[in-house]
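As structure tokens, the structure follows; a few thoughts come after it.
Numbering (my numbering), first residue to last: 15 to 133.
This is the structure:
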């Protein structure tokens, strides 16, 4: 799609450990076997996002759950000409951090007031 129109924004969305853990970090499965298997798949999916899928899909942005973004992570993607977008950033402190310090765009549930976190 971007080959025909480079101005089109395309993105992948990623939350590390999404297969094995819920958003609050609790295990998704009570079975140790299932949890272990999903953890292995999480590692493979993370590797695929960072080494294969981004290039294969020709993305211009990478949407990542906010807790996994650091200055080094932003730099990693900037070197690949991919913009990092944080989600879901809801408090004023978080918004200032992502906008001013990391200088990345973010997705929010509220433009004015602080919101409770959603997983």
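Idealized CB from N, CA, C, for every residue including glycine.
Figure out for me which residue from the options has the closest Cα to the Cα of residue i.
i, options, result
"residue 117", "47, 85, 107", "85"
"residue 64", "41, 29, 50", "29"
"residue 91", "81, 35, 112, 73", "73"
"residue 20", "103, 115, 75, 93", "75"
"residue 54", "67, 31, 82", "31"
"residue 108", "94, 128, 48", "128"
How is the beta strand (DSSP E) around residue i delimited, first residue to last?
i, result
"residue 122", "It is not in any beta strand (DSSP E) - residue 122 carries neither H nor E in the DSSP assignment."
"residue 40", "Run containing residue 40: none; DSSP gives neither H nor E here."
"residue 101", "97-101"
"residue 27", "25-28"
State the DSSP-derived secondary structure class of residue i, mapped to helix, strand or coil.
i, result
"residue 86", "helix"
"residue 78", "strand"
"residue 55", "helix"
"residue 33", "coil"
"residue 116", "coil"
"residue 60", "helix"
"residue 50", "helix"
Our contact map puts residue i next to residue j with C-beta atoms below 8 Å; I'd like the distance itself, whole angstroms only.
i, j, result
"residue 120", "residue 96", "Contact flag wrong, Cβ pair sits at about 16 Å."
"residue 62", "residue 78", "In fact, because the Cβ distance is near 15 Å, the residues do not count as touching under 8 Å."
"residue 87", "residue 98", "7 Å"
What are the start and end residues of the alpha helix (DSSP H) that includes residue i?
i, result
"residue 107", "106-110"
"residue 70", "68-71"
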